[in-house]
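Enquirer:
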Amino acid sequence: AQSVAQPEDQVNVAEGNPLTVKCTYSVSGNPYLFWYVQYPNRGLQFLLKYITGDNLVKGSYGFEAEFNKSQTSFHLKKPSALVSDSALYFCAVRDTLTGGGNKLTFGTGTQLKVEL
Amino acid sequence: DGGITQSPKYLFRKEGQNVTLSCEQNLNHDAMYWYRQDPGQGLRLIYYSQIVNDFQKGDIAEGYSVSREKKESFPLTVTSAQKNPTAFYLCASTPAPRHRGDGYTFGSGTRLTVV
Numbered sequence: 002a003q004s005v006a007q008p009e010d011q012v013n014v015a016e017g018n019p020l021t022v023k024c025t026y027s028v029s030g031n032p033y034l035f036w037y038v039q040y041p042n043r044g045l046q047f048l049l050k051y052i053t054g055d056n057l058v059k060g061s062y063g064f065e066a067e068f069n070k071s072q073t074s075f076h077l078k079k080p081s082a083l084v085s086d087s088a089l090y091f092c093a094v095r096d097t098l099t100g101g102g103n104k105l106t107f108g109t110g111t112q113l114k115v116e117l
Numbered sequence: 026d027g028g029i030t031q032s033p034k035y036l037f038r039k040e041g042q043n044v045t046l047s048c049e050q051n052l053n054h055d056a057m058y059w060y061r062q063d064p065g066q067g068l069r070l071i072y073y074s075q076i077v078n079d080f081q082k083g084d085i086a087e088g089y090s091v092s093r094e095k096k097e098s099f100p101l102t103v104t105s106a107q108k109n110p111t112a113f114y115l116c117a118s119t120p121a122p123r124h125r126g127d128g129y130t131f132g133s134g135t136r137l138t139v140v
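As they're listed, the protein sequences go chains A and B. Heads up: take any position in the first sequence, counting from 1, add 1, and you land on our numbering. Heads up: take any position in the second sequence, counting from 1, add 25, and you land on our numbering.
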């Protein structure tokens with residue numbers, strides 16, 4: 002079975018400061034990992050993904066994420082937060098060994114609030 | 026531009042009524058999914074379909090039904106058996122299931138409210 006946890010319901014950060022949104026996962030094989038962002042009353046937008054290779058993945062809007070196999074984590078980071086980054090962020094995982102419809106499993110989401 | 030279109034954006038349902046949410050994609054994706062989103066609960070899978078004329082129940086299928094008669098379309102019906110249907114509904118698609126490194130493309134959602 003595959004699962005993902007986002008331990009923080011909300012993260013608050015001041016504009017210009019670095020931000021981190023945490024994600025840990027559990028899979029039987031190797032993971033495919035994804036980050037999505039959601040603005041109010043909108044669908045989810047893809048930010049970045051890890052499939053294989055370099056553990057540091059760069060994505061849209063200056064976001065990056067670091068894959069850490071020993072800690073089973075895939076934390077989302079940005080060096081300097083903007084007020085416009087305020088949104089709901091979802092981590093998702095797919096196990097390379099799982100059958101069953103190519104489904105992603107999503108975390109419960111982390112609300113990021115960036116304040117002036 | 027290719028994408029997923031969900032309609033309507035807002036939908037109001039009376040008690041005891043069935044309503045159908047539309048999801049259309051022009052991405053030539055094989056697999057399509059319906060999720061329900063409630064505050065603090067993340068995304069919960071209702072139904073998914075990997076191929077035309079085939080679909081499977083997700084984690085919370087009770088009170089919902091779907092069809093997949095065309096590759097482009099995956100409508101969701103919320104029946105009167107669904108006791109708490111007020112939620113935000115999201116449709117998503119992905120290329121052929123064998124492409125496990127692909128993520129989902131999401132529609133913009135339908136907000137259903139029981140009145």
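Using N, Cα and C, we set each Cβ at its ideal position, and we do this for glycine too.
Tell me which same chain residues have a C-beta within less than 8 angstroms of the C-beta of residue 39/B, skipping the five on either side of it?
Expert: 139, 140
Enquirer: In the DSSP output, which residue or residues are listed as bridge partners for residue 13/A?
Expert: 114/A
Enquirer: Counting only beta-carbon separations shorter than 8 angstroms, does residue 56/B have a partner in chain A?
Expert: Yes, its Cβ sits closer than 8 angstroms to a Cβ of chain A.
Enquirer: Specify, as a first and last residue, the run of the beta strand (DSSP E) that residue 60/B falls within.
Expert: 56 to 62
Enquirer: Sorted by chain position, which residues of the same chain lie with C-beta nearer than 6 angstroms to residue 80/A's C-beta, five sequence neighbours on each side aside?
Expert: 19
Enquirer: Name the chain A residues whose beta carbon is nearer than 7 angstroms to that of residue 126/B?
Expert: 33, 52
Enquirer: Go ahead and pull the three-state DSSP assignment for residue 79/B.
Expert: In the structure shown, residue 79/B falls within a strand segment according to DSSP collapsed to helix, strand and coil.
Enquirer: For residue 40/A, name the three-state secondary structure that DSSP assigns.
Expert: coil
Enquirer: By Cβ distance below 7 angstroms, which residues in the same chain neighbour residue 96/A in space, the five residues on each side in sequence not counted?
Expert: Here the set comprises 3, 28, 29, 30, 32.
Enquirer: For the ligand NAP, is there any heavy atom lying closer than 7 angstroms to the beta carbon of residue 58/B?
Expert: As presented, the structure is devoid of all ligands, the ligand NAP included, so that no description of it is given.
Enquirer: Report back the beta-carbon spacing between residue 114/A and residue 13/A to the nearest angstrom; my notes put them in contact at under 8 angstroms.
Expert: 5 angstroms
Enquirer: Taking 8 angstroms as the CB-CB cut-off, is residue 107/A touching chain B?
Expert: yes
Enquirer: Between residue 8/A and the rest of its own chain, which residues show a CB-CB distance below 6 angstroms, the 5 nearest in sequence each way excluded?
Expert: 23
Enquirer: Any C-beta of chain A sitting closer than 8 angstroms to the C-beta of residue 132/B?
Expert: Cβ-Cβ to chain A under 8 angstroms: yes for residue 132/B.
Enquirer: Label residue 153/B either buried or exposed according to how many other C-beta atoms from any shown protein chain fall within 10 Å of its C-beta, with 16 as the threshold for buried.
Expert: Outside the displayed span of chain B (26 to 140) sits residue 153/B, for which this structure offers no information.
Enquirer: List the residues of chain A whose Cβ lies closer than 9 angstroms to the Cβ of residue 129/B, in chain order.
Expert: 35, 37, 45, 47, 93, 105
Enquirer: What residue range is occupied by the uninterrupted beta strand (DSSP E) comprising residue 86/B?
Expert: Looking at the DSSP string, residue 86/B is not in any beta strand (DSSP E), and its letter there is neither H nor E.
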